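Q: Quick one: structure below, then a few questions.
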Amino acid sequence: MLAQGGGIDSDLRHPLVGLIRGSHTYEIRAERLLATASANVLMRGGDQIAVVEDTRSFNALGVAGDERIIYLEKARMSAMEALSAMGGLADSRADPKGVLVLRDYEAKQVADGIKGPARQQVVFTIDLTSADGLFAARQFQINPGDKIIATESPVTNVRTILGLIGSAVGGHAGGE
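If you want the working numbering, it's the 1-based position in the sequence shown plus 394.
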């Protein structure tokens, strides 16, 4: 049906193919559908197909290689993959112990205990200086709407303060 409809527009970023059948909608990424024969289904009368651009994204902020909105390239993306997509951490300024993932949950998802998060807004911290942190970053899934913040190293703050003091002292001494 996709081929008969003219195929998938090559200008779409990470296209999703949706099948609307009755009151249910099923979505699959186009590349997975085309690569997996078992994902194809027989069409029934009344079925509708829609091909849309995947708009799921996260925000990259802080001292990362790139501060911007980044669209999820895959159906599932780990924190490690997200860090790569955002250009990594700025070597001279970032704190590898302080990668933060800010996540908002819907009110209906909030629950005490094992069922869900205890609050609507949760901050996850990833420490990339330990083996546990590195493996956790490979397993932790980024959700659409997450904000990933690469925090600044405390050493950078000290350098900035020393630089300011140095320029103030140098500027004062040169003025006399």
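Glycine included, every Cβ here is placed at the ideal spot set by N, Cα and C. Note that the structure is a prediction, hence the values are computed from the model and not measured.
What are the boundary residues of the alpha helix (DSSP H) that L428 is part of?
A: If you number the sequence shown from 1, residue 428 lands on position 34. Segment 424-429, the alpha helix (DSSP H) holding L428.
Q: For K491, tell me which candidate among S472, A531, A424 has the shortest Cα-Cα distance.
A: In the sequence shown, the residue the question calls residue 491 occupies position 97. It is A531.
Q: Buried or exposed, going by whether 16 or more other CB atoms sit within 10 Å of the CB of L406?
A: If you number the sequence shown from 1, residue 406 lands on position 12. By the neighbour-count rule (16 or more Cβ atoms within 10 Å), L406 is not buried but exposed.
Q: Tell me whether S404 is buried or exposed, calling it buried when 16 or more other Cβ atoms sit within 10 Å of its Cβ.
A: To locate residue 404, count along the sequence shown from 1; it is residue 10. Exposed, by the Cβ-count rule.
Q: Measure the CB-CB distance between E425 and G412 and report whether it falls below 9 Å.
A: Taking the first residue of the sequence shown as position 1, residue 425 is located at position 31. Taking the first residue of the sequence shown as position 1, residue 412 is located at position 18. For E425 and G412, no; Cβs fall outside 9 Å.
Q: Under 9 Å between C-beta atoms, does R470 make it to chain D?
A: The chain inventory of the structure shown lacks chain D, comprising one protein chain alone.
Q: By Cβ distance, which residues of its chain are closer than 8 Å to V446, with the 5 residues on each side in sequence left out?
A: The count along the sequence shown starts at 1 and reaches residue 446 at position 52. Hits under 8 Å: L406, P409, L410, G412.
Q: Using the C-alpha atoms, what's the distance from A433 back to A473?
A: Here residue 473 is taken as the residue at index 79 of the sequence shown, counted from 1. Here residue 433 is taken as the residue at index 39 of the sequence shown, counted from 1. A473 and A433: Cα-Cα distance of roughly 27 Å.
Q: Just to confirm the assignment, what range does the alpha helix (DSSP H) spanning D526 have?
A: In the sequence shown, counting from the first residue as 1, residue 526 sits at position 132. It spans 525-533 - the alpha helix (DSSP H) in which D526 sits, taken as one unbroken run.
Q: Do L396 and I464 have their CB atoms nearer than 9 Å?
A: For the purposes of this step, residue 396 is identified with residue 2 of the sequence shown, where counting begins at 1. For the purposes of this step, residue 464 is identified with residue 70 of the sequence shown, where counting begins at 1. It is not a contact, given that the beta carbons lie outside the stated cut-off.
Q: May I ask which residues mark the beginning and end of the alpha helix (DSSP H) holding L477?
A: Translated into the one-based positions of the sequence shown, residue 477 becomes position 83. Per DSSP, L477 belongs to the alpha helix (DSSP H) from 473-479.
Q: Skipping 5 residues on each side, what residues in its chain have a beta carbon closer than 7 Å to that of R513?
A: Here residue 513 corresponds to residue number 119 of the sequence shown, with the count starting at 1. The residues are V504.
Q: In the DSSP output, what is Y420 paired with across the bridge?
A: Counted from its first residue, the sequence shown places residue 420 at position 26. For Y420, which the question treats as bridged, DSSP gives the partners L413.
Q: From the DSSP output, in three-state form, read off P548 for me.
A: Position 154 of the sequence shown, counted from the first residue, corresponds to residue 548. Looking at P548 - three-state DSSP - the assignment turns out to be helix.
Q: Comparing alpha-carbon positions, which option in G527, K509, L528, K541 lies nearest V516?
A: Position 122 of the sequence shown, counted from the first residue, corresponds to residue 516. Comparing Cα positions, the closest option is K541.
Q: Using a Cβ-Cβ cutoff of less than 6 Å, which residues in the same chain neighbour V495 once the five nearest sequence positions on both sides are dropped?
A: Against the sequence shown, residue 495 aligns to sequence position 101. Correct list, in chain order: F518, D540, I542.
Q: State yes or no: is the C-beta of D489 within less than 9 Å of the C-beta of A544?
A: Translated into the one-based positions of the sequence shown, residue 489 becomes position 95. Translated into the one-based positions of the sequence shown, residue 544 becomes position 150. Against a cut-off of 9 Å, the Cβ pair of A544 and D489 comes out as a contact.
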